[in-house]
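Chemist: Everything in the sequence shown is counted per this note's numbering, starting at 298 for the first residue and increasing by one. Even for Gly, the Cβ is constructed at its ideal location relative to N, Cα and C. For clarity, every value in this text was computed on a predicted model and none was experimentally measured.
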Amino acid sequence: MNLDNAKRICARLSSEARVIDIGGGASPFARADCVIDAVAYDDRSLLDGGHPKEGERFCRESWVELDLCDRTPWPFLDNSFDFATCSHLLEDVRDPVWVCSEINRIAKAGYIEVPSRILEQSLGVEHPRYAGFYHHRWLITREGKTLCFRLKPHSIHSLRPAIVARVTPWQMINPDHAFPAFEWDGSFDYEEILEFDEDRVTAELVAFAEQCRSVSSLVVSGGAPPGEVVKKALYAIRLWLGHGA
298 MNLDNAKRIC ARLSSEARVI DIGGGASPFA RADCVIDAVA YDDRSLLDGG HPKEGERFCR
358 ESWVELDLCD RTPWPFLDNS FDFATCSHLL EDVRDPVWVC SEINRIAKAG YIEVPSRILE
418 QSLGVEHPRY AGFYHHRWLI TREGKTLCFR LKPHSIHSLR PAIVARVTPW QMINPDHAFP
478 AFEWDGSFDY EEILEFDEDR VTAELVAFAE QCRSVSSLVV SGGAPPGEVV KKALYAIRLW
538 LGHGA
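What follows is the structure, given as C-alpha coordinates:
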(Lines of atoms letter the chains of each structure in order from A and count residues from 1; the text may use other names and numbers.)
(Lines give C-alpha, C1' and ligand atoms only; values in the text may rest on other atoms or scores of the structure.)
Protein backbone atom coordinates (compact mmCIF):
# COMPACT_ATOMS: atom_id res chain seq x y z
CA MET A 1 0.00 0.00 0.00
CA ASN A 2 1.34 3.41 -0.92
CA LEU A 3 2.81 4.81 2.31
CA ASP A 4 1.70 8.39 1.66
CA ASN A 5 -1.85 7.21 1.03
CA ALA A 6 -1.75 5.05 4.17
CA LYS A 7 -0.66 8.03 6.28
CA ARG A 8 -3.34 10.24 4.77
CA ILE A 9 -6.06 7.66 5.44
CA CYS A 10 -4.88 7.14 9.02
CA ALA A 11 -4.89 10.88 9.67
CA ARG A 12 -8.44 11.21 8.40
CA LEU A 13 -10.06 8.24 10.13
CA SER A 14 -11.49 8.79 13.58
CA SER A 15 -10.30 6.56 16.41
CA GLU A 16 -13.80 5.05 16.57
CA ALA A 17 -13.91 4.11 12.87
CA ARG A 18 -14.08 0.37 12.25
CA VAL A 19 -11.50 -0.58 9.60
CA ILE A 20 -10.86 -3.88 7.81
CA ASP A 21 -7.89 -4.80 5.63
CA ILE A 22 -8.90 -7.26 2.93
CA GLY A 23 -6.14 -9.54 1.70
CA GLY A 24 -3.42 -7.69 3.57
CA GLY A 25 -1.81 -10.68 5.22
CA ALA A 26 1.62 -10.22 3.63
CA SER A 27 1.77 -6.54 4.66
CA PRO A 28 -1.26 -5.66 6.81
CA PHE A 29 -2.55 -2.12 7.28
CA ALA A 30 -1.67 -1.39 10.90
CA ARG A 31 -4.74 0.82 11.43
CA ALA A 32 -7.08 -2.07 10.60
CA ASP A 33 -9.19 -3.42 13.44
CA CYS A 34 -9.67 -6.64 11.48
CA VAL A 35 -7.79 -8.44 8.71
CA ILE A 36 -9.24 -11.10 6.42
CA ASP A 37 -6.92 -13.20 4.26
CA ALA A 38 -5.82 -16.73 3.38
CA VAL A 39 -2.53 -16.00 5.15
CA ALA A 40 -2.41 -17.10 8.79
CA TYR A 41 -1.90 -14.59 11.60
CA ASP A 42 1.49 -16.07 12.52
CA ASP A 43 2.67 -15.72 8.91
CA ARG A 44 1.68 -12.07 8.51
CA SER A 45 4.03 -9.33 7.29
CA LEU A 46 5.95 -11.56 4.86
CA LEU A 47 6.59 -8.54 2.63
CA ASP A 48 7.81 -6.56 5.64
CA GLY A 49 10.60 -8.98 6.44
CA GLY A 50 8.38 -10.88 8.84
CA HIS A 51 8.36 -7.96 11.26
CA PRO A 52 4.92 -6.79 12.48
CA LYS A 53 4.25 -3.08 12.05
CA GLU A 54 4.26 -0.74 15.01
CA GLY A 55 0.82 0.16 16.35
CA GLU A 56 -1.15 -2.78 14.94
CA ARG A 57 -4.77 -2.49 16.09
CA PHE A 58 -5.80 -5.95 14.95
CA CYS A 59 -4.92 -9.04 16.96
CA ARG A 60 -5.05 -12.81 16.65
CA GLU A 61 -8.74 -12.83 17.61
CA SER A 62 -9.67 -10.27 14.94
CA TRP A 63 -7.66 -11.98 12.19
CA VAL A 64 -9.95 -14.02 9.92
CA GLU A 65 -8.20 -16.71 7.90
CA LEU A 66 -10.22 -18.00 4.95
CA ASP A 67 -10.40 -18.42 1.19
CA LEU A 68 -11.70 -15.08 -0.03
CA CYS A 69 -13.04 -16.59 -3.26
CA ASP A 70 -14.97 -19.68 -2.19
CA ARG A 71 -18.30 -17.89 -2.80
CA THR A 72 -19.30 -18.16 0.86
CA PRO A 73 -20.29 -14.77 2.30
CA TRP A 74 -17.60 -13.43 4.59
CA PRO A 75 -18.45 -13.64 8.31
CA PHE A 76 -19.55 -10.02 8.69
CA LEU A 77 -22.91 -8.27 8.59
CA ASP A 78 -23.70 -5.69 5.92
CA ASN A 79 -21.94 -2.34 6.51
CA SER A 80 -19.98 -3.74 9.44
CA PHE A 81 -17.01 -1.49 8.69
CA ASP A 82 -16.64 2.23 8.15
CA PHE A 83 -13.63 1.77 5.87
CA ALA A 84 -12.02 -1.13 3.96
CA THR A 85 -8.55 -1.23 2.46
CA CYS A 86 -7.75 -3.65 -0.36
CA SER A 87 -4.23 -3.23 -1.69
CA HIS A 88 -2.50 -5.55 -4.17
CA LEU A 89 -4.99 -8.37 -3.83
CA LEU A 90 -7.45 -8.20 -6.72
CA GLU A 91 -4.81 -8.96 -9.36
CA ASP A 92 -3.94 -12.20 -7.53
CA VAL A 93 -7.25 -13.85 -6.73
CA ARG A 94 -9.18 -16.23 -8.96
CA ASP A 95 -12.52 -14.42 -8.50
CA PRO A 96 -12.07 -10.65 -8.07
CA VAL A 97 -15.71 -10.01 -8.97
CA TRP A 98 -16.85 -11.94 -5.90
CA VAL A 99 -14.29 -10.15 -3.73
CA CYS A 100 -15.54 -6.77 -4.97
CA SER A 101 -19.14 -7.74 -4.23
CA GLU A 102 -18.24 -8.65 -0.64
CA ILE A 103 -16.21 -5.48 -0.15
CA ASN A 104 -19.25 -3.47 -1.21
CA ARG A 105 -21.46 -5.46 1.14
CA ILE A 106 -19.46 -5.24 4.37
CA ALA A 107 -17.97 -1.72 4.12
CA LYS A 108 -19.36 1.79 3.78
CA ALA A 109 -16.28 3.23 2.07
CA GLY A 110 -12.77 2.19 1.18
CA TYR A 111 -9.50 2.31 -0.71
CA ILE A 112 -8.31 0.06 -3.55
CA GLU A 113 -4.81 -0.15 -5.01
CA VAL A 114 -3.71 -2.39 -7.89
CA PRO A 115 -0.81 -2.65 -10.35
CA SER A 116 -1.39 -0.73 -13.56
CA ARG A 117 -1.67 -2.29 -16.98
CA ILE A 118 1.41 -0.30 -17.95
CA LEU A 119 3.35 -2.27 -15.36
CA GLU A 120 1.70 -5.59 -16.23
CA GLN A 121 2.48 -5.13 -19.93
CA SER A 122 6.16 -4.26 -19.44
CA LEU A 123 9.08 -6.69 -19.57
CA GLY A 124 11.68 -6.72 -16.81
CA VAL A 125 9.46 -5.59 -13.95
CA GLU A 126 10.22 -8.87 -12.22
CA HIS A 127 12.07 -10.92 -14.85
CA PRO A 128 13.51 -10.09 -18.30
CA ARG A 129 11.14 -12.53 -20.01
CA TYR A 130 7.98 -11.85 -18.01
CA ALA A 131 5.44 -9.10 -18.58
CA GLY A 132 4.66 -7.62 -15.18
CA PHE A 133 4.49 -10.12 -12.34
CA TYR A 134 4.35 -13.78 -13.31
CA HIS A 135 1.69 -14.76 -10.76
CA HIS A 136 -0.86 -12.02 -11.49
CA ARG A 137 -4.07 -13.25 -13.11
CA TRP A 138 -5.74 -9.98 -14.16
CA LEU A 139 -5.16 -6.77 -16.09
CA ILE A 140 -7.06 -4.12 -14.17
CA THR A 141 -8.22 -0.68 -15.26
CA ARG A 142 -10.73 1.83 -14.00
CA GLU A 143 -12.92 2.86 -16.90
CA GLY A 144 -15.19 5.68 -15.88
CA LYS A 145 -16.45 4.64 -12.46
CA THR A 146 -16.11 0.91 -13.14
CA LEU A 147 -13.22 -1.31 -12.06
CA CYS A 148 -12.63 -3.61 -15.05
CA PHE A 149 -10.91 -6.99 -15.02
CA ARG A 150 -9.44 -8.63 -18.11
CA LEU A 151 -7.78 -12.03 -17.94
CA LYS A 152 -4.01 -11.69 -18.29
CA PRO A 153 -3.23 -14.16 -21.11
CA HIS A 154 -0.09 -16.28 -21.08
CA SER A 155 0.69 -15.10 -24.61
CA ILE A 156 1.45 -11.61 -23.34
CA HIS A 157 4.95 -12.58 -22.21
CA SER A 158 6.12 -13.24 -25.78
CA LEU A 159 3.78 -10.92 -27.68
CA ARG A 160 6.25 -8.14 -28.41
CA PRO A 161 3.77 -5.64 -29.95
CA ALA A 162 1.80 -5.81 -26.67
CA ILE A 163 4.79 -4.76 -24.56
CA VAL A 164 4.66 -1.17 -23.32
CA ALA A 165 8.26 -0.88 -22.10
CA ARG A 166 11.39 -2.90 -21.38
CA VAL A 167 12.89 -2.31 -17.96
CA THR A 168 16.54 -3.05 -17.16
CA PRO A 169 17.53 -4.32 -13.70
CA TRP A 170 18.49 -0.75 -12.75
CA GLN A 171 15.23 0.78 -13.90
CA MET A 172 11.61 0.71 -12.83
CA ILE A 173 8.25 1.84 -14.14
CA ASN A 174 7.65 5.37 -12.92
CA PRO A 175 5.70 5.06 -9.63
CA ASP A 176 3.25 7.65 -10.98
CA HIS A 177 2.20 5.08 -13.60
CA ALA A 178 2.74 1.84 -11.68
CA PHE A 179 0.18 1.50 -8.90
CA PRO A 180 -3.07 3.43 -9.38
CA ALA A 181 -5.39 3.77 -6.40
CA PHE A 182 -8.82 5.18 -5.74
CA GLU A 183 -11.17 5.71 -2.84
CA TRP A 184 -14.87 4.95 -2.95
CA ASP A 185 -17.81 5.97 -0.82
CA GLY A 186 -21.08 4.05 -0.61
CA SER A 187 -20.19 1.55 -3.33
CA PHE A 188 -18.15 1.09 -6.50
CA ASP A 189 -18.89 -0.63 -9.82
CA TYR A 190 -16.92 -3.59 -11.16
CA GLU A 191 -17.07 -6.11 -14.00
CA GLU A 192 -15.09 -8.76 -15.82
CA ILE A 193 -14.56 -7.96 -19.50
CA LEU A 194 -15.10 -11.29 -21.24
CA GLU A 195 -13.42 -11.95 -24.58
CA PHE A 196 -12.95 -15.40 -26.09
CA ASP A 197 -11.56 -14.54 -29.52
CA GLU A 198 -7.75 -14.69 -29.54
CA ASP A 199 -7.39 -12.15 -32.33
CA ARG A 200 -9.53 -9.59 -30.50
CA VAL A 201 -7.63 -10.20 -27.25
CA THR A 202 -4.35 -9.61 -29.06
CA ALA A 203 -5.64 -6.51 -30.83
CA GLU A 204 -6.77 -4.97 -27.53
CA LEU A 205 -3.41 -5.67 -25.87
CA VAL A 206 -1.49 -4.17 -28.78
CA ALA A 207 -3.72 -1.09 -28.96
CA PHE A 208 -3.25 -0.45 -25.24
CA ALA A 209 0.53 -0.77 -25.53
CA GLU A 210 0.69 1.59 -28.51
CA GLN A 211 -1.35 4.17 -26.64
CA CYS A 212 0.83 4.00 -23.52
CA ARG A 213 4.24 4.17 -25.18
CA SER A 214 3.79 7.92 -25.66
CA VAL A 215 3.45 8.52 -21.90
CA SER A 216 6.29 10.76 -20.73
CA SER A 217 8.80 9.56 -18.12
CA LEU A 218 7.42 6.04 -18.36
CA VAL A 219 10.62 4.40 -17.11
CA VAL A 220 12.93 5.88 -14.46
CA SER A 221 16.36 4.88 -13.17
CA GLY A 222 17.00 4.06 -9.53
CA GLY A 223 14.51 3.80 -6.71
CA ALA A 224 14.08 0.03 -6.71
CA PRO A 225 15.05 -1.88 -3.54
CA PRO A 226 18.64 -3.19 -3.80
CA GLY A 227 17.48 -6.78 -3.36
CA GLU A 228 15.20 -6.53 -6.38
CA VAL A 229 17.97 -4.98 -8.49
CA VAL A 230 20.35 -7.83 -7.64
CA LYS A 231 17.70 -10.48 -8.30
CA LYS A 232 16.79 -9.07 -11.71
CA ALA A 233 20.46 -8.59 -12.61
CA LEU A 234 21.15 -12.26 -11.84
CA TYR A 235 18.24 -13.31 -14.06
CA ALA A 236 19.62 -11.17 -16.89
CA ILE A 237 23.15 -12.56 -16.49
CA ARG A 238 21.91 -16.15 -16.53
CA LEU A 239 19.95 -15.50 -19.72
CA TRP A 240 22.94 -13.78 -21.32
CA LEU A 241 25.13 -16.79 -20.48
CA GLY A 242 22.55 -19.11 -21.99
CA HIS A 243 21.61 -20.82 -18.74
CA GLY A 244 17.92 -19.94 -18.93
CA ALA A 245 16.17 -18.49 -15.89
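Within 10 angstroms of the Cβ of Y431, are there 16 or more other Cβ atoms? Answer buried if so, exposed if not.
Modeler: Y431 is exposed by the Cβ-count criterion.
Chemist: Using 8 angstroms as the threshold, is the stretch 376-391 in touch with the stretch 310-328, meaning 3 or more CB pairs across them?
Modeler: yes
Chemist: Does DSSP put G524 in a helix, in a strand, or in coil?
Modeler: helix
Chemist: Taking a contact to mean a Cβ-Cβ separation below 9 angstroms, would you say T443 touches Y487 in this structure?
Modeler: yes
Chemist: Can you give me the start and stop residues for the alpha helix (DSSP H) that V498 sits inside?
Modeler: First-last of the alpha helix (DSSP H) with V498: 495-509.
Chemist: Please identify the residue among G539, D482, P466 whose C-alpha is closest to the C-alpha of K529.
Modeler: P466
Chemist: Over what stretch of residues does the alpha helix (DSSP H) that includes D301 continue unbroken?
Modeler: 300-309
Chemist: Give a yes or no on contact between the stretch 394-404 and the stretch 508-518, applying the rule of three or more CB pairs nearer than 8 angstroms.
Modeler: no
Chemist: On the DSSP bridge assignment, give the partners of V332 in chain order.
Modeler: D318, W360
Chemist: Based on Cα-Cα distance, which residue from E388, S419, W360, I400 lies nearest to D375?
Modeler: I400
Chemist: Taking the alpha-carbon positions, what's the A329 to L531 distance?
Modeler: 37 angstroms
Chemist: Which runs of the alpha helix (DSSP H), 4 residues or longer, sit entirely within the stretch 348-418?
Modeler: 393-403, 414-417
Chemist: Who are the Cβ neighbours of V498 in its own chain at under 7 angstroms, not counting the five residues just before and after it?
Modeler: P450, E492
Chemist: Rounded to the nearest angstrom, what separates K350 and S342 at their Cα positions?
Modeler: 8 angstroms
Chemist: Is the distance from the Cβ of W371 to the Cβ of V332 below 9 angstroms?
Modeler: The beta carbons of W371 and V332 sit no closer together than 9 angstroms.
Chemist: Any idea what DSSP makes of R434, helix, strand or coil?
Modeler: coil
Chemist: Taking the beta strand (DSSP E) that A462 belongs to, which residues open and close that run?
Modeler: Where A462 is concerned, there is no enclosing beta strand (DSSP E), given that its DSSP letter is neither H nor E.
Chemist: Going by DSSP, what residues sit across from W481 in a beta bridge?
Modeler: G407
Chemist: Under 9 angstroms between the Cβ atoms of A459 and V503?
Modeler: For the pair A459 and V503, the CB atoms are nearer than the 9 angstroms cut-off.
Chemist: Can you check whether the CB of L436 is closer than 9 angstroms to the CB of R447?
Modeler: It is a contact, given that the beta carbons lie within the stated cut-off.
Chemist: Which residue from R354, I415, P523, E353 puts its Cα closest to that of A462?
Modeler: Closest by C-alpha distance to A462, out of R354, I415, P523, E353, is I415.
Chemist: Identify, in the order they occur along the chain, each residue of the same chain with its Cβ nearer than 6 angstroms to the Cβ of E362, setting aside the five sequence neighbours on each side.
Modeler: A337
Chemist: Which residues in the same chain as R357 place their Cβ atom closer than 8 angstroms to its Cβ, once the five residues preceding and following it in sequence are excluded?
Modeler: Y338
Chemist: Answer with buried or exposed for I490, where buried requires no fewer than 16 other C-beta atoms within 10 angstroms of its C-beta.
Modeler: exposed
Chemist: Return the bridge partner residues of F446 from the DSSP annotation.
Modeler: I437, E489
Chemist: Could you spell out where the beta strand (DSSP E) holding S518 opens and where it closes?
Modeler: 516-518
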